[in-house]
């Protein structure tokens, strides 16, 4: 059985196939509206996340399926001390597929080891968030037409920002992708990503704390929020939270066809005066996320529709 | 001079970093062995200054490769009929369970005590293991 725990669980071919399916769904959603009739998705959210949970639920409902689940650890049997392994064994009897978000890293891996149904990692602490990566890739591919030959800027919290780690891991597999990694020194990408992914694969990248300098070179700017919940020390959070703010003035430095992505929620790192800029696609990205999750659910359940 | 009798048959784990013998005794669960075990601490060594040595008498079934993770300077001599018949070369195992523990406070193993601590070898050259759950790094000594 196939699970999706890390973005690297999918080969480039599998990834391309999911993205193509998502684009086909986008073109003709009605064709797919009954493909999951009679199927159930369990959303096991041990940590609140309105957007991701509702995106999964919308995806399943769009496919004609039904959803069940919980949206915080308080309303699950985790409060009684039940392990992830036991919970997933039980849920396997209720649903056909599940999406799990957990504050602890590796929890979905534990679930996958004991599950009778496909497990989708919907975010595990600061570790992985593969469906956000699918969303990001679908957004970039649909808007630019390709995933190779581009300069991608990543800005903000690159240390704890799991969406950044996952996107880098996924994009290094495409030829001639260059990264500009913009962050304060304290929030640079983790060492393993630098040494074992970027250096190991001879990827061209620059680490900097100067957004304005590199903005004109970028084809994609991926902004991230400095996440309060990832800090053990509130002082560090307050010191770093306003490091980089993208506003309309800075957008003047960017290419006419550069796109600004953000995994959301936004706090203040993108000023609202950027929202009406055509290059700001972070709200479109949310819609792409639903299509990406629809394609993923179909793929993991081995479902298809007649052409 | 402390005198420990020679081994007729058994295993000598030598060149253990001084102070490390008890850790190895625990990792290899030697308390379960019913043969003679000698732990020599702070023995003089030309190469290391001071070192620890463990001598185990008799034929034993222990996976010694895990020692490679803990201390790669360790040498292992297999003794039969009063002679060293083989020097065991430590090979890093591809996967280890409950030998090293994940220290990442964000890892699922930090709250689920009964989960086995499993690590996979991801970089043999640099002796790097990663937790199978959170992918945190452990680098062998």
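Chains as they are written, first to last, in UniProt numbering: chain A, 1 to 307; chain B, 1 to 141.
Beta carbons are placed, not taken as given, at the ideal position from N, Cα and C, and that holds for glycine.
As the structure is a computational prediction, the values presented were derived from the model and not from experiment.
Along chain A, in chain order, which residues have C-beta atoms closer than 9 Å to that of residue i?
i                     : result
residue 101 (chain B) : Going along chain A, no residue has its Cβ under 9 Å from residue 101 (chain B), so there is no contact; the nearest lies around 14 Å.
Residue i touches chain B at which residues, Cβ-Cβ below 7 Å?
i                     : result
residue 192 (chain A) : 137
residue 109 (chain A) : 132, 133
Grab the span of the beta strand (DSSP E) containing residue i for me, first residue to last.
i                     : result
residue 172 (chain A) : Careful: residue 172 (chain A) lies outside any beta strand (DSSP E) and carries neither H nor E.
residue 205 (chain A) : 205-208
residue 62 (chain A)  : First-last for residue 62 (chain A): 50-62, but that is the alpha helix (DSSP H), not the beta strand (DSSP E).
residue 17 (chain B)  : 10-17
residue 222 (chain A) : 220-223
residue 62 (chain B)  : From DSSP, residue 62 (chain B) is part of no beta strand (DSSP E); its letter is neither H nor E.
residue 138 (chain B) : 137-139
residue 39 (chain B)  : 37-45
residue 258 (chain A) : Where residue 258 (chain A) is concerned, there is no enclosing beta strand (DSSP E), given that its DSSP letter is neither H nor E.
residue 123 (chain B) : 118-123
residue 52 (chain B)  : 49-57
residue 88 (chain B)  : 83-88
residue 152 (chain A) : 150-155
residue 314 (chain A) : In the structure displayed, chain A extends from 1 to 307; residue 314 (chain A) sits before or after that span and is not available.
residue 102 (chain A) : 97-102
residue 95 (chain B)  : 95-97
residue 66 (chain A)  : 66-70
residue 35 (chain A)  : Per DSSP, residue 35 (chain A) belongs to no beta strand (DSSP E) and is neither H nor E.
residue 129 (chain B) : 128-131
residue 75 (chain B)  : 75-80
residue 111 (chain A) : No beta strand (DSSP E) contains residue 111 (chain A), which is instead part of the alpha helix (DSSP H) from 107-114.
Give the interface partners of residue i over in chain A, defined as CB-CB distance under 7 Å, in chain order.
i                     : result
residue 134 (chain B) : 105, 106, 127
Run the CB neighbour count on residue i, radius 10 Å, all protein chains shown included, and call it buried at 16 or more, exposed below.
i                     : result
residue 289 (chain A) : buried
residue 294 (chain A) : buried
residue 56 (chain A)  : buried
residue 124 (chain B) : exposed
residue 94 (chain A)  : exposed
residue 11 (chain A)  : exposed
residue 7 (chain A)   : buried
residue 238 (chain A) : exposed
residue 51 (chain A)  : exposed
residue 304 (chain A) : exposed
residue 69 (chain A)  : buried
residue 285 (chain A) : buried
residue 19 (chain B)  : exposed
residue 38 (chain A)  : exposed
residue 8 (chain B)   : exposed
residue 34 (chain B)  : exposed
residue 281 (chain A) : buried
residue 34 (chain A)  : exposed
residue 105 (chain A) : buried
residue 47 (chain B)  : exposed
residue 87 (chain A)  : buried
residue 135 (chain B) : buried
residue 97 (chain B)  : exposed
Residue i versus chain B: which residues are under 8 Å apart at the beta carbon?
i                    : result
residue 84 (chain A) : 108, 112
Since residue i is in the alpha helix (DSSP H), which residue starts that stretch and which ends it?
i                     : result
residue 22 (chain A)  : 12-27
residue 27 (chain B)  : 21-27
residue 178 (chain A) : Counting along the chain, residue 178 (chain A) falls outside any alpha helix (DSSP H), though it belongs to the beta strand (DSSP E) covering 177-182.
residue 136 (chain A) : 130-144
residue 85 (chain A)  : 84-91
For residue i, decide whether its Cβ has a neighbour in chain C, counting only Cβ atoms nearer than 7 Å.
i                     : result
residue 221 (chain A) : Considering every chain present, this structure includes no chain C. Its protein chains are A and B.
query = How about the segment 171-185 of chain A and the segment 270-281 of chain A: do they share at least three Cβ pairs that are nearer than 8 Å?
reply = no
request  = Mind checking the segment 91-117 of chain B against chain A and listing, in chain order, the residues whose C-beta falls within less than 9 Å of any C-beta there?
outcome  = 102, 104, 105, 106, 107, 108, 109, 110, 111, 112, 114, 115
inquiry  = Quick check: the segment 32-41 of chain B against the segment 69-83 of chain B, are at least 3 beta-carbon pairs closer than 8 Å?
reply    = Note that the segment 69-83 of chain B does not touch the segment 32-41 of chain B; fewer than 3 beta-carbon pairs, one per stretch, sit closer than 8 Å.
inquiry  = I want to know whether the segment 76-83 of chain A touches the segment 13-26 of chain A - three or more CB-CB distances under 8 Å.
reply    = no
request  = Check whether the segment 112-127 of chain A touches the segment 135-147 of chain A, taking contact to mean three or more Cβ pairs, one atom from each stretch, closer than 8 Å.
outcome  = no
Cβ pair count under 8 Å reaching 3, the segment 36-44 of chain A against the segment 89-105 of chain A = They touch, by the three-pair rule.
ask   = Within the chosen definition, does the segment 108-116 of chain B reach the segment 51-62 of chain B through at least 3 CB pairs nearer than 8 Å?
value = no
inquiry  = Quick test of the definition: if touching needs 3 or more C-beta pairs under 8 Å, does the segment 123-131 of chain A touch the segment 194-214 of chain A?
reply    = no
Inter-stretch contact at 8 Å, needing at least 3 Cβ pairs: the segment 241-259 of chain A / the segment 201-208 of chain A = no
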